[in-house]
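Protein chains in written order, with the working numbering: chain X, 1 to 315; chain A, 1001 to 1315. Ideal placement from N, C-alpha and C gives every residue a C-beta, glycine not left out.
2 protein chains.
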Amino acid sequence: MVNLADVARQAHVSKMTVSRVINHPNQVSDEVRDLVNQAIKAVGYQPNRIAKALVNQQNYVIQFIVLEDIATVEPNYAILLLEIAEVLNQKGYTLEISTILEPNSHVDGLIVSGWRDSDLERLSAINVPMVLYGQAPTWYDLPYVDVNNRMGTSLATTHLIEAGYKKVIYIGMTMALPFVWEREQGYLETMAKHHLVSRTYDVSNHSHDAEKLIQNIIAHLPKNTGIVCATDRIALGVVRALKAQSQIPENYGVVGFDGVFIDQITSPKLTTIKQPFRQLANTLVSNLLNQLHHSELKMELIQPRLVKRDSTRQV
Amino acid sequence: MVNLADVARQAHVSKMTVSRVINHPNQVSDEVRDLVNQAIKAVGYQPNRIAKALVNQQNYVIQFIVLEDIATVEPNYAILLLEIAEVLNQKGYTLEISTILEPNSHVDGLIVSGWRDSDLERLSAINVPMVLYGQAPTWYDLPYVDVNNRMGTSLATTHLIEAGYKKVIYIGMTMALPFVWEREQGYLETMAKHHLVSRTYDVSNHSHDAEKLIQNIIAHLPKNTGIVCATDRIALGVVRALKAQSQIPENYGVVGFDGVFIDQITSPKLTTIKQPFRQLANTLVSNLLNQLHHSELKMELIQPRLVKRDSTRQV
DNA sequence: TTGTAGGCGTTATCAG
DNA sequence: CTGATAACGCCTACAA
Chain X
1 MVNLADVARQ AHVSKMTVSR VINHPNQVSD EVRDLVNQAI KAVGYQPNRI
51 AKALVNQQNY VIQFIVLEDI ATVEPNYAIL LLEIAEVLNQ KGYTLEISTI
101 LEPNSHVDGL IVSGWRDSDL ERLSAINVPM VLYGQAPTWY DLPYVDVNNR
151 MGTSLATTHL IEAGYKKVIY IGMTMALPFV WEREQGYLET MAKHHLVSRT
201 YDVSNHSHDA EKLIQNIIAH LPKNTGIVCA TDRIALGVVR ALKAQSQIPE
251 NYGVVGFDGV FIDQITSPKL TTIKQPFRQL ANTLVSNLLN QLHHSELKME
301 LIQPRLVKRD STRQV
Chain A
1001 MVNLADVARQ AHVSKMTVSR VINHPNQVSD EVRDLVNQAI KAVGYQPNRI
1051 AKALVNQQNY VIQFIVLEDI ATVEPNYAIL LLEIAEVLNQ KGYTLEISTI
1101 LEPNSHVDGL IVSGWRDSDL ERLSAINVPM VLYGQAPTWY DLPYVDVNNR
1151 MGTSLATTHL IEAGYKKVIY IGMTMALPFV WEREQGYLET MAKHHLVSRT
1201 YDVSNHSHDA EKLIQNIIAH LPKNTGIVCA TDRIALGVVR ALKAQSQIPE
1251 NYGVVGFDGV FIDQITSPKL TTIKQPFRQL ANTLVSNLLN QLHHSELKME
1301 LIQPRLVKRD STRQV
């Protein structure tokens, strides 16, 4: 393993000078800097993270904690994880993945996802810098990053109204999670703003349940109805139930939420509210690193995007 | 941060004795060992990974490299990743995720996934212990772990035959990847063994293409046909095309492959060949660690499982 | 069985 | 602007 000493020898300077060229280049004279840089290339030097970590009392490790059962949580994670890993790697950090909350470890920061309200107490007791994925109640004062769920369903509702669907209903989830509430509110507010009568239904977040719901209520669903769904999974069931009569998008318009994977495999392809995972990952990471370096606590909401596809009329 | 010295002071012994109690307990007298263990608990000592890594010239970091475009590769990864992370964490290793092949890094081992034939040359030039996810040509001598793809489609084919479907066809993929070939072979061999005439089609790995294929050939598809699909994604399209006439599983039987997520959201639910991800993760990790510790190179094939659900007749 | 010295590769600090 | 020294926390090698 080639180290600082090797470079120093090659460049006929001390180890410290080499170290400075790397970490504080402007404290070194131009000539020496060039000399050292050449030497670095010549011997193929790469800094040793471990040694650096030891002396700096930092691990350069960020832990991504998944508190919910992955198997049920579908594809979202893979993509978010990869994005975060990439951003972190670029900044010299390592992403460690964990499924348990074990604060004793040597990590510099935590990104916590899939938490429930009941985890919040425990979370706020841990004194490692952290950022939550998902909007948390403000009284815990825990920094979070989330997509603006309310804006998302608002976008969806507006789109359906503008596309000319006379009636617009909402199919939400039975889970008691903040984002579930936010998504419903986005629909309700937008309907109110347009002086329209709102109507909501709740199902578990499974396509088959949504499918059944539609079959049950189809008799009462007038043609020219728009359906805002709390998730793509629900939308999938709705589309399937409606597909038989191939009435999409003429008689029924369907909008999903999430924009990961499922939206692509439905037929017709889903109009959906897309979570901007790349941006989410970037924000999550920079939020956390800002805490590490400047100790700012921030709550951030990212804007989602409406992706128009074939399950709604083109306006 | 509490360290060896703190424990030593507390127990009135030297740092080395404490270190020995942790790493070579049988080199220490019983009394001293108990004393030290108490002290460790008392002060809440946790070994510092970083320092250990520095002196041992190990990072305890395993890199998981994803060489293909994640967005297109669907949910499989999230679950595999989490499983691997868990296993590794238990053994004191950290999982680092990366999307680029950059061998210069300070990692102890590599788990490589999503590679193509063209990556193999480069891969075998890297002299860091590694294990591939996916069966590789033997002449590269690269250790790999994979599900037994051939056995998988064989299981699927046998199931359809035993369920009494008269004709059994195969819908494969156009990609020139080893596992694609293996899956097709599993079908062909099994058909031959039963003295049945085989018939294969190829589509890209998208549900919509599979759907179109079925629509095109449905006229030539006699009732009582079984369809072995190379992936759940393809099966999804097939099921959708056949659903209209709701002829599943009476007139047509469909079996998918992978058993992650998609199989759950089809209607009817898919009979499929399930990749045992937990076991895959365990094998991947132990294969790699065996290389690190005992430098054994191994190629391992894991048996998949047939999960019978509603897209085939019950036997 | 236990302890001492030295070093892993890096950087902060202080002296020149 | 540059260099020597000590330290981060741990472990191997050797000594007692």
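Per DSSP, what kind of secondary structure is residue i in: helix, strand or coil?
i: X/E300; result: strand
i: X/S113; result: strand
i: A/K1191; result: Here the sequence assigns Met to residue 1191 of chain A, which means Lys is not the residue at that position. Reduced to three states, the DSSP call for A/M1191 is helix.
i: X/K274; result: strand
i: A/R1309; result: coil
i: X/T266; result: coil
i: X/D34; result: helix
i: X/V197; result: coil
i: X/D141; result: coil
i: X/G253; result: strand
i: A/D1202; result: strand
i: A/M1151; result: helix
i: A/G1044; result: coil
i: A/D1119; result: helix
Go through its chain and collect everything with a Cβ distance to residue i's Cβ below 8 Å, but skip five positions before and after it.
i: A/E1184; result: T1153, Y1170, G1172, T1200, A1230
i: X/I217; result: Y201
i: A/A1192; result: S1198
i: X/D141; result: S124, L297
i: A/P1276; result: V1147, I1302, Q1303, P1304, R1305
i: A/V1021; result: V1028, V1032, R1033, V1036, N1037, I1040
Compute the distance between the beta-carbons of residue i and residue j, then report whether it is under 9 Å.
i: A/Y1045; j: A/A1039; result: yes
i: A/R1116; j: A/L1213; result: no
i: X/S207; j: A/I1265; result: yes
i: A/S1113; j: A/F1064; result: yes
i: A/R1309; j: A/T1272; result: yes
i: A/T1225; j: A/G1256; result: no
i: X/L132; j: X/I111; result: yes
i: X/N148; j: X/L242; result: no
i: A/V1307; j: A/V1228; result: no
i: X/D119; j: X/L292; result: no
i: X/V61; j: X/N282; result: no
i: A/L1236; j: A/K1091; result: no
i: X/T17; j: X/N59; result: no
i: X/V260; j: X/H159; result: no
i: X/L101; j: X/I126; result: yes
For residue i, which beta-bridge partners are listed by DSSP?
i: X/I62; result: X/L95, X/G109
i: X/F261; result: In DSSP, X/F261 forms no bridge with anything.
i: A/K1167; result: A/T1225
i: X/Y77; result: In DSSP, X/Y77 forms no bridge with anything.
i: X/D146; result: X/L301
i: A/M1130; result: A/L1110
i: X/M16; result: Per DSSP, none; premise fails for X/M16.
i: A/G1172; result: A/D1202
Going by beta carbon distance, what residues of the same chain come within less than 6 Å of residue i, once the five residues before and after it are set aside?
i: A/R1150; result: E1182, Q1185, G1186
i: X/K360; result: What is shown of chain X runs 1 to 315, which leaves residue 360 of chain X out entirely.
i: A/S1204; result: T1174
i: X/A11; result: L35, V36, A39
i: X/S98; result: Q63, I65
i: A/D1006; result: V1043
i: A/R1240; result: E1211
Starting from the C-beta of residue i, find all residues in its chain whose C-beta is less than 7 Å away, skip the five residues before and the five after it, and write them out in chain order.
i: X/D263; result: D232, G256, K269, L270, T272
i: X/H194; result: I161
Give, in chain order, every residue of the stretch 87-119 of chain X whose Cβ lies closer than 7 Å to some Cβ of chain A.
N89, T94, L95, E96, I97, S98, T99, N104, H106
Contact list for the stretch 261-278 of chain X against chain A, Cβ threshold 8 Å
F261, I262, I265, S267
Which of the residues in the stretch 1234-1247 of chain A, read from start to end, lie with their CB under 9 Å from any CB of chain X?
L1236, G1237, R1240, K1243, A1244
Report the residues of the stretch 1050-1062 of chain A with a CB closer than 8 Å to any CB of chain X, ordered along the chain.
I1050, A1051, A1053, L1054, Q1057, N1059, V1061
At a CB distance below 9 Å, what residues from the stretch 203-236 of chain X approach chain A? Give them in sequence order.
H206, S207, H208, E211, R233, L236
Within 7 Å of chain A by C-beta, residues of the stretch 25-52 of chain X in sequence order:
Q46, N48, R49, I50, A51
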